[in-house]
Each structure stands twice: as C-alpha cells, then as structure tokens.
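What follows is a short report on a single structure.
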Amino acid sequence: MSGFLPGADEDSGRDLVLCLQGDRLHAAKWHQWKVHLFEQDDFYSTWAPTNVPILYNLEWGPREEHQVNSPHGWVPHPVDAGAAAFLRSLVLEPPIRPGTPG
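Residue numbering for the sequence shown follows our numbering, beginning at 14 and increasing consecutively.
Here it is as structure tokens:
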C-alpha cells in the first residue's frame, strides 16, 4: 500500500476490502463481488444479521440493487477465507485501542 496510496503504483496489491462497524464485519468486497452479512430495512432502522450472505456483482450493478446469489454461491468461500485470515492476524497484532496516546 505504501506505493499505491501516494500514487506511485497503479495497483494496491489487495483484492479484499473488509467493511467493519466497530469490531463487527458487515460486508466484504472481493474483486467485483460484494458480500453483505448485515442488512438494514431503512436509514433509521438497526442493522440485523442476514440468514445467508447477500451477494452483489458490482460490475453488473454498482448500485447494489439486485442480488445475484445463485449460481454464484461459491463467492462467499474465498471472501470468508480472507476475512478469517484477517481476524487471525488480529491475535498477533491487536488494533490500537481508542484513546491510546500517540
């Protein structure tokens, strides 16, 4: 990322982006796919876990208006593997606690 963020590199070298709210994984983007694990009825309602992951193909519908679960049920598996690797890394390198002096 050190080359990508200032614009020296065109590619970040990452293909998975995790969307967290606090310490809870809400969604993940992998290549052109986005997997949601929580949903909200409207702007003012609370987030609720989904029974099954909700899947979108961002190339086909970047506004995430149409789910594409079947026959793409294989997509959550590599996303889950990447998320699990991230969570394992937190055991070795825990996040900095809020309020910790810099």
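Glycine residues also receive a C-beta, built at the ideal position from the N, C-alpha and C atoms.
Model, not experiment: these values are computed from the prediction.
Problem - Alpha-carbon spacing of Phe51 relative to Trp60, whole angstroms - result: 6 Å
Exercise for the section: Between the Cα of Leu33 and those of Glu72, Gly115 and Pro108, spot the shortest distance and give me the residue it belongs to. Expected result: Pro108
Problem - Coil, strand or helix - His49 by DSSP - result: strand
Practice task
Leaving aside the five residues before and after Trp46 along the sequence, list all residues of the same chain whose C-beta is less than 8 Å from its C-beta, in chain order.
Solution key: Leu68, Tyr69, Asn70, Leu71, His85, Val88 and Val92
Handout entry: Extent of the continuous beta strand (DSSP E) run through Val30
Key = Leu29 to Gln34
Problem - Close beta carbons around Ala21, own chain, < 6 Å, minus the five adjacent residues each side - result: none
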